[in-house]
Amino acid sequence: MIVHSIKGLGLTTLLLCLSSWTLHAEPQRLVSIDWSHTETLLGLGVTPVGATQKAAYNAWVKEPSIPAESVDIGLRTQPNLERLAELKPDHIFVSPAYQYHQARLEKIAPVTAISIYADGKANWQALQNFTNTMAAAIGKEEAAQQLITRSESTLQQLKASLPSKPQADLLMIQFMDARHVRVFGQNSMYQIALNQLGIKNAWPGDTNAWGFALVGIDHLLNIKGQFVVVDPLPAGAKEHLEQDRLWQYLIKESGHPVLRIEPVWSFGAIPSTVRFATLITQAITEQEAN
Amino acid sequence: MRILPFGFVGLLLLAVLAVCYAQLTAQMPFNLALQSFLHTDWQSVISIKLSLTWWPRLFTTLICGAALAVAGVLMQQVLRNPIASPSTLGVATGASFGLMLATLYAPWLIEISHSLVALMGGLITMALVFALSWRRALSPTIVVITGLVINLYFGAFSTVLLILNEEKLSGLMIWGAGSLVQTGWENVQYLLPKVIIATGAAFLFLKPLSLLELTESGAKSLGVSLAKLRFICLGLAVLLTSWVVASVGVIGFIGLAAPAITRLLGVRRLAPKLIVAMIIGALLLTLTDLLIQSLPGYMPMYIQTGAATAALGAPLMLWLLPKLSMKHQTQTETVLTRHTPHVRRFGKKSILLTAAMLVLGLAVFSTVSLQNQGWQWLLLNGEWSMLDWRLPRLLTALLAGAMLAVAGTIIQRISGNPMASPEVIGISSGTAIGLILSLYTGLAAGITGMYISGLIGAAISMLIIVLLNRKSGFQPERVLLTGVAITALLNAIQTIILAGGDPRNYQFLAWMSGSTYYVTYQTLLMTLVCTLVLVSLVFLFTKWLDILPLGQASAQSLGVRVSRSRLVLLAISACLTVAATLVVGPLSFVGLMAPHLARMLGFNRAKEHLIAAALVGSFLMLFADWLGRQWLYPQEIPAGMVASILGGLYLLWGLQRL
Numbered sequence: 001m002i003v004h005s006i007k008g009l010g011l012t013t014l015l016l017c018l019s020s021w022t023l024h025a026e027p028q029r030l031v032s033i034d035w036s037h038t039e040t041l042l043g044l045g046v047t048p049v050g051a052t053q054k055a056a057y058n059a060w061v062k063e064p065s066i067p068a069e070s071v072d073i074g075l076r077t078q079p080n081l082e083r084l085a086e087l088k089p090d091h092i093f094v095s096p097a098y099q100y101h102q103a104r105l106e107k108i109a110p111v112t113a114i115s116i117y118a119d120g121k122a123n124w125q126a127l128q129n130f131t132n133t134m135a136a137a138i139g140k141e142e143a144a145q146q147l148i149t150r151s152e153s154t155l156q157q158l159k160a161s162l163p164s165k166p167q168a169d170l171l172m173i174q175f176m177d178a179r180h181v182r183v184f185g186q187n188s189m190y191q192i193a194l195n196q197l198g199i200k201n202a203w204p205g206d207t208n209a210w211g212f213a214l215v216g217i218d219h220l221l222n223i224k225g226q227f228v229v230v231d232p233l234p235a236g237a238k239e240h241l242e243q244d245r246l247w248q249y250l251i252k253e254s255g256h257p258v259l260r261i262e263p264v265w266s267f268g269a270i271p272s273t274v275r276f277a278t279l280i281t282q283a284i285t286e287q288e289a290n
Numbered sequence: 001m002r003i004l005p006f007g008f009v010g011l012l013l014l015a016v017l018a019v020c021y022a023q024l025t026a027q028m029p030f031n032l033a034l035q036s037f038l039h040t041d042w043q044s045v046i047s048i049k050l051s052l053t054w055w056p057r058l059f060t061t062l063i064c065g066a067a068l069a070v071a072g073v074l075m076q077q078v079l080r081n082p083i084a085s086p087s088t089l090g091v092a093t094g095a096s097f098g099l100m101l102a103t104l105y106a107p108w109l110i111e112i113s114h115s116l117v118a119l120m121g122g123l124i125t126m127a128l129v130f131a132l133s134w135r136r137a138l139s140p141t142i143v144v145i146t147g148l149v150i151n152l153y154f155g156a157f158s159t160v161l162l163i164l165n166e167e168k169l170s171g172l173m174i175w176g177a178g179s180l181v182q183t184g185w186e187n188v189q190y191l192l193p194k195v196i197i198a199t200g201a202a203f204l205f206l207k208p209l210s211l212l213e214l215t216e217s218g219a220k221s222l223g224v225s226l227a228k229l230r231f232i233c234l235g236l237a238v239l240l241t242s243w244v245v246a247s248v249g250v251i252g253f254i255g256l257a258a259p260a261i262t263r264l265l266g267v268r269r270l271a272p273k274l275i276v277a278m279i280i281g282a283l284l285l286t287l288t289d290l291l292i293q294s295l296p297g298y299m300p301m302y303i304q305t306g307a308a309t310a311a312l313g314a315p316l317m318l319w320l321l322p323k324l325s326m327k328h329q330t331q332t333e334t335v336l337t338r339h340t341p342h343v344r345r346f347g348k349k350s351i352l353l354t355a356a357m358l359v360l361g362l363a364v365f366s367t368v369s370l371q372n373q374g375w376q377w378l379l380l381n382g383e384w385s386m387l388d389w390r391l392p393r394l395l396t397a398l399l400a401g402a403m404l405a406v407a408g409t410i411i412q413r414i415s416g417n418p419m420a421s422p423e424v425i426g427i428s429s430g431t432a433i434g435l436i437l438s439l440y441t442g443l444a445a446g447i448t449g450m451y452i453s454g455l456i457g458a459a460i461s462m463l464i465i466v467l468l469n470r471k472s473g474f475q476p477e478r479v480l481l482t483g484v485a486i487t488a489l490l491n492a493i494q495t496i497i498l499a500g501g502d503p504r505n506y507q508f509l510a511w512m513s514g515s516t517y518y519v520t521y522q523t524l525l526m527t528l529v530c531t532l533v534l535v536s537l538v539f540l541f542t543k544w545l546d547i548l549p550l551g552q553a554s555a556q557s558l559g560v561r562v563s564r565s566r567l568v569l570l571a572i573s574a575c576l577t578v579a580a581t582l583v584v585g586p587l588s589f590v591g592l593m594a595p596h597l598a599r600m601l602g603f604n605r606a607k608e609h610l611i612a613a614a615l616v617g618s619f620l621m622l623f624a625d626w627l628g629r630q631w632l633y634p635q636e637i638p639a640g641m642v643a644s645i646l647g648g649l650y651l652l653w654g655l656q657r658l
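Protein chains in written order, with UniProt numbering: chain F, 1 to 290; chain D, 1 to 658.
Below, the structure is given as structure tokens:
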């Protein structure tokens with residue numbers, strides 16, 4: 001009896017190995033529904049067969065950009081199920097925030113529901129866990145380890161390349177309109193990047209689960225730090241801000257020039273974090289050179 | 001007699017001054033704080049903060065409040081409708097729609113002038129309302145209804161844009177919630193001269209405007225050109241509103257509340273009414289804003305002043321409704337009477353034709369669709385598994401369309417109001433409010449929870465409608481106005497939620513906009529049962545539906561207990577609405593459109609009217625669902641939105657002929 005069950009177990013294991021081997025033999029067909037999944041897959045060197053809102057992704061996340069062969073499957077909130085089914089994916093990644101999808105997505109392929117933000121515990125470790133979990137679901141553990149090691153060494157190089165003189169605390173904002181900003185603090189991707197670079201965030205206040213606080217720019221008075229403005233500026237905001245006395249005063253008071261950073265996905269995973277770290281290091285170095 | 005208004009204004013003023021004093025002294029000594037108003041001490045951060053943000057904000061709110069109040073008084077006076085206000089007439093919606101379009105497709109316009117775009121949006125919208133109601137000499141009822149329809153229509157379009165471009169438009173959401181944060185004196189400089197001039201102009205028209213309080217014919221006989229007077233005064237009101245909206249965003253209900261309070265205080269004559277309303281509007285908005293600024297932490301960012309006044313204003317409006325002495329306005333002539341003569345030719349044949357269209361539509365729409373390789377026909381490519389995804393959606397849309405159409409037919413017949421429908425009287429909005437509250441408080445998880453909370457919301461709004469209208473025997477205008485108030489509350493809640501910028505919001509938005517996306521065979525089954533039970537219930541009451549449109553007196557003489565039969569029918573249509581709203585969202589003009597179309601096809605008797613409307617409604621939703629999935633493939637536009645966009649066009653056309 002025991003022998004029999006051991007035999008059965010052995011057979012199952014063998015079958016499992018075989019199936020995963022065959023799975024790996026041909027490229028896996030993966031679909032990523034949240035942008036943090038898309039960038040992570042691309043970071044792992046896997047091109048998803050289907051991804052959401054490609055045009056918007058390429059404008060807001062930018063890099064790593066989605067290759068042309070990935071099919072656009074529509075909105076993140078409502079991926080096109082017919083198209084998804086037609087793609088016959090092997091695995092689907094989805095954010096748990098979109099819980100209503102899950103049951104039906106499971107009819108198409110196995111689903112991994114995972115996200116970095118929303119529970120208010122985003123840090124470098126959480127990013128690694130996120131990447132590892134995704135990799136484990138598709139048998140790419142090695143690639144994940146490589147991505148993490150590579151990213152960590154990049155971050156260390158960036159940290160080492162920062163000017164030796166002490167860096168001012170940074171205040172990372174993204175303009176929503178000419179008078180309101182998102183300030184990024186605890187739980188944010190920007191905070192994780194700053195931690196890795198050894199730079200302090202000047203924002204002392206609370207943030208929501210996505211790592212930002214929405215405030216009027218009058219809330220930025222009294223905060224000592226260099227401004228980092230994450231692009232894009234909303235239409236018309238540039239013209240307004242040039243005239244805005246409060247904003248001009250804030251810049252003057254900060255004692256530093258404003259660092260403008262091209263668009264980075266504020267709710268991204270490891271690739272976005274490294275990208276922001278690279279951009280901010282560049283900006284700081286350039287400013288130092290001037 | 002004068003004591004009451006003076007006392008109230010004095011009290012309000014005291015409250016504002018007290019909060020101001022408290023806020024100023026919390027920052028720095030009072031005399032220094034006052035000095036910061038006149039000149040900025042660039043050495044002191046607090047002085048800068050006060051002089052660049054606090055003081056401008058105070059004056060901006062005062063001006064905006066006053067301007068909106070004047071606009072409100074003018075609109076109410078001209079339209080002789082105590083519920084008319086800048087927010088009910090679509091100006092704000094038009095302005096925000098204009099900004100959205102410009103943000104997405106012509107950012108250079110916004111770079112030239114943000115306010116100009118908003119202003120143009122508001123003006124164009126109002127011009128549209130005017131144009132559509134011109135033929136009826138800007139009749140009050142028609143203007144209000146047109147405003148409402150345009151509000152809903154642009155609302156639907158905005159939602160589609162928002163769903164498709166969430167990142168780009170998130171900043172506009174803050175503006176839409178009416179945040180009064182200031183960073184200098186530009187807004188005061190922009191608004192003050194304009195508001196003074198427009199208000200001055202309003203005072204020039206006091207005399208002819210007062211005459212409007214008499215009956216229309218009375219005013220006419222005194223030599224007042226009604227259309228011209230209405231045009232000028234409404235134009236002034238629109239300008240005032242647009243300026244405010246352009247500079248600080250959408251601020252709801254001050255324009256409604258200030259005149260209403262003034263009236264309740266017993267101020268009757270127009271001149272004092274205008275002045276008192278202006279002061280009350282200014283103080284009321286300022287007090288609200290000051291209190292919101294005093295909220296702890298980030299709450300002021302999440303509950304913005306504009307949305308807060310709107311949320312407070314809706315209950316106020318509901319409370320005011322029973323107090324209004326509504327002179328029985330000449331009812332909107334119904335399409336009902338219009339089409340009677342030339343209809344006999346149709347009949348059975350056209351019912352068969354519509355039914356055949358429906359079957360054909362189902363067959364075509366379920367097999368022809370865009371797929372990965374472009375247009376495909378299932379008969380040719382044989383991918384029948386696709387039906388598994390399509391059929392539940394198409395069938396549910398079809399059923400929802402039928403239910404809404406039946407509900408709409410009932411409501412239009414019993415109210416004798418061709419513009420009434422479940423979307424318009426607020427049942428749909430009530431359902432949505434129930435859903436939102438449950439979603440964000442976490443009380444109801446999963447689909448069943450959503451159904452239950454939606455039902456509770458609908459039941460409460462039904463209860464409100466019934467309680468507020470029972471005395472007046474469900475007089476059409478009142479029922480409609482109750483709906484406007486409930487919808488306004490929904491809008492306020494939605495605005496507050498969206499302004500927070502929580503990425504999860506878009507899930508909610510997608511759902512709210514009425515998509516069949518979440519439909520499964522289970523929901524299909526539930527919808528089917530609801531449709532069968534409720535629709536067959538309606539057919540038991542076709543006799544009432546035949547008699548009620550004849551008018552209260554005739555119905556009573558024929559032995560129908562009018563109030564009770566109206567109540568029963570309203571209750572059924574509420575249930576129908578809930579079942580449909582859960583699938584296609586609170587906005588789709590099917591309930592309004594299908595009964596109209598059915599009548600145009602020539603079905604006047606209740607039973608035929610119901611059947612034809614249901615068939616037309618089904619076909620419309622079926623088509624809307626299919627089109628929504630092809631239009632921007634692979635992105636999906638919710639069926640409810642497509643129906644609104646198509647239906648809105650039809651309505652605007654219909655209104656103009658009304």
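Where is the CB? At the ideal position from N, CA and C, for every residue including glycine.
Could you tell me if Val533/D is buried or exposed, where buried requires 16 or more neighbouring beta carbons within 10 angstroms of its beta carbon?
Counting from 1 along the second sequence, the entry for residue 533/D is found at position 533. Classification for Val533/D: exposed.
What number of angstroms, rounded off, separates the C-alpha of Thr112/F from the C-alpha of Phe93/F?
As a working mapping, residue 112/F is identified with position 112 in the first sequence. As a working mapping, residue 93/F is identified with position 93 in the first sequence. Those two C-alpha atoms are separated by around 5 Å.
Starting from Met621/D, trace the alpha helix (DSSP H) both ways and give me its first and last residue.
Taking the second sequence and counting its residues from 1, the one referred to as residue 621/D is at position 621. Here the alpha helix (DSSP H) through Met621/D covers 606-631.
I want to see whether chain F comes within less than 8 Å of Val343/D, judged by CB atoms only; does it?
The sequence position of residue 343/D within the second sequence is 343, counting from 1. Here the model assigns Val343/D a pLDDT of 47, short of 50, so the residue's position is not dependable and the matter cannot be decided.
Selection from Pro634/D, Ile410/D, Ala492/D that minimises the alpha carbon distance to Pro595/D
Residue 595/D sits at position 595 when you count from the first residue of the second sequence. Among Pro634/D, Ile410/D, Ala492/D, the Cα nearest to that of Pro595/D is on Ile410/D.
Check whether Gly306/D and Ile261/D have beta carbons under 8 Å apart
The count along the second sequence starts at 1 and reaches residue 306/D at position 306. The count along the second sequence starts at 1 and reaches residue 261/D at position 261. Against a cut-off of 8 Å, the Cβ pair of Ile261/D and Gly306/D comes out as no contact.
Chain D contacts from the stretch 236-249 of chain F (Cβ-Cβ distance under 7 Å):
Under the 7 Å Cβ criterion, the stretch 236-249 of chain F contributes Gly236, Glu239, Asp244, Arg245, Leu246, Trp247, Tyr249.
Measuring CB atoms only, is the stretch 626-637 of chain D touching the stretch 569-580 of chain D, in the sense that at least three cross pairs come out at less than 8 Å?
Proximity of the stretch 626-637 of chain D to the stretch 569-580 of chain D falls short of the contact definition, fewer than three beta-carbon pairs being nearer than 8 Å.
Partners in chain D for Trp60/F, counting only beta-carbon separations shorter than 8 Å:
Sequence index remark: in the first sequence, residue 60/F carries index 60 (1-based). By Cβ distance, chain D contributes Glu167.
By DSSP, does Phe253/D sit in helix, in strand, or in coil?
Sequence index remark: in the second sequence, residue 253/D carries index 253 (1-based). It is coil, neither helix nor strand.
With distances taken Cα to Cα, identify the nearest neighbour of Glu608/D among Lys543/D, Gly235/D, Gly416/D, Val479/D.
Looking up residue 608/D in the second sequence gives position 608. Glu608/D has its Cα closest to that of Lys543/D, out of Lys543/D, Gly235/D, Gly416/D, Val479/D.
Could you compute how far the alpha carbon of Lys159/F sits from the alpha carbon of Arg275/F?
Position 159 of the first sequence, counted from the first residue, corresponds to residue 159/F. Position 275 of the first sequence, counted from the first residue, corresponds to residue 275/F. For Lys159/F and Arg275/F, the distance between alpha carbons rounds to 13 Å.
Assigned exposure category for Phe603/D - 16 Cβ within 10 Å defines buried:
The residue labelled residue 603/D in the question sits at position 603 within the second sequence. By the neighbour-count rule (16 or more Cβ atoms within 10 Å), Phe603/D is buried.
Looking at the C-beta of Met641/D, does it have a partner C-beta in chain F at a distance below 8 Å?
Taking the second sequence and counting its residues from 1, the one referred to as residue 641/D is at position 641. Met641/D does not count as touching chain F.
CB contact flag (Val16/D, Leu287/D, <8 Å):
As a first step, residue 16/D is located in the second sequence; it is residue number 16 there, counting from the start. As a first step, residue 287/D is located in the second sequence; it is residue number 287 there, counting from the start. Yes, these two residues count as a Cβ contact at 8 Å.
Let me see if you follow: with CB-CB separation under 8 Å, is Val264/F close to chain D or not?
Against the first sequence, residue 264/F aligns to sequence position 264. Output row for Val264/F: interface = no.
Just the Cα atoms here: how many angstroms apart are Val424/D and Gly430/D?
For the purposes of this step, residue 424/D is taken as residue 424 along the second sequence, with counting starting at 1. For the purposes of this step, residue 430/D is taken as residue 430 along the second sequence, with counting starting at 1. Taking the straight line from one Cα to the other gives about 11 Å.
Bridge partners for Leu175/F per DSSP, in chain order?
Taking the first sequence and counting its residues from 1, the one referred to as residue 175/F is at position 175. Residue identity differs from the one stated: residue 175/F is Phe in this sequence, not Leu. Val181/F.
I'd like to check one pair, Val535/D with Ala614/D: are the Cβ atoms closer than 8 Å?
The residue given as residue 614/D occupies position 614 in the second sequence. The residue given as residue 535/D occupies position 535 in the second sequence. Cβ atoms of Ala614/D and Val535/D: closer than 8 Å.
Pairwise C-alpha distance: Gln27/D and Cys233/D:
Against the second sequence, residue 233/D aligns to sequence position 233. Against the second sequence, residue 27/D aligns to sequence position 27. Between Cys233/D and Gln27/D, the alpha-carbon positions lie close to 43 Å from each other.
Within-8 Å CB hit, Met126/D to chain F:
As a first step, residue 126/D must be located in the second sequence, where it is residue number 126. It does not; no Cβ of chain F falls within 8 Å.
Proximal residues of chain F, C-beta to C-beta of His114/D below 7 Å
Within the second sequence, the letter at position 114 stands for residue 114/D. Those within 7 Å of His114/D in chain F are Gly236.
On the three-pair Cβ rule with 8 Å, is the stretch 400-415 of chain D touching the stretch 574-584 of chain D?
yes
Anything in chain D within Cβ reach of His180/F, meaning under 9 Å, just list it in chain order.
Here residue 180/F corresponds to residue number 180 of the first sequence, with the count starting at 1. Correct list: Gly171, Ile174, Trp175, Ser179, Val181, Met301.
For the candidate residues Ala22/D, Ala258/D, Pro56/D, Leu164/D, whose alpha-carbon lies nearest to that of Leu38/D?
The residue labelled residue 38/D in the question sits at position 38 within the second sequence. Comparing Cα positions, the closest option is Pro56/D.
Checking contacts by CB at 8 Å: is Asn80/F closer than that to chain D?
By one-based count along the first sequence, residue 80/F stands at place 80. Yes, Asn80/F lies at the interface with chain D (some Cβ there is under 8 Å from its Cβ).
Taking its Cβ as the centre, do 16 or more other Cβ atoms sit within 10 Å of Gln373/D, making it buried, or is it exposed?
In the second sequence, the residue the question calls residue 373/D occupies position 373. Taking a 10 Å sphere around the C-beta of Gln373/D, we find fewer than 16 other C-beta atoms and assign the residue as exposed.
Using the DSSP secondary-structure output, state which residues sit across from Ile433/D in a beta bridge.
Your numbering for residue 433/D matches position 433 in the second sequence. Note: Ile433/D sits in no beta bridge, so no partner.
Looking at chain F, is there any beta carbon in it that lies within less than 8 Å of the beta carbon of residue 660/D?
Past the edges of chain D, shown from 1 to 658, lies residue 660/D, and the structure says nothing about it.
Can you tell me the Cα-Cα spacing of Ile251/F and Val244/D, whole angstroms?
The residue given as residue 251/F occupies position 251 in the first sequence. The residue given as residue 244/D occupies position 244 in the second sequence. Their backbone Cα atoms lie some 29 Å apart in a straight line.
To the nearest angstrom, report how far apart Arg566/D and Pro418/D are at their CA atoms.
For the purposes of this step, residue 566/D is taken as the residue at position 566 of the second sequence. For the purposes of this step, residue 418/D is taken as the residue at position 418 of the second sequence. Approximately 16 Å, taken between the alpha carbons.
Give a yes or no on whether the minimum CB-CB distance between residue 309/F and chain D is below 8 Å.
Given that chain F is displayed from residue 1 to residue 290, the structure contains no residue 309/F and the question cannot be resolved.
In whole angstroms, what is the alpha-carbon distance linking Ala136/F and Ile496/D?
Taking the first residue of the first sequence as position 1, residue 136/F is located at position 136. Taking the first residue of the second sequence as position 1, residue 496/D is located at position 496. Rounded to the nearest angstrom, the two C-alpha atoms are 40 Å apart.
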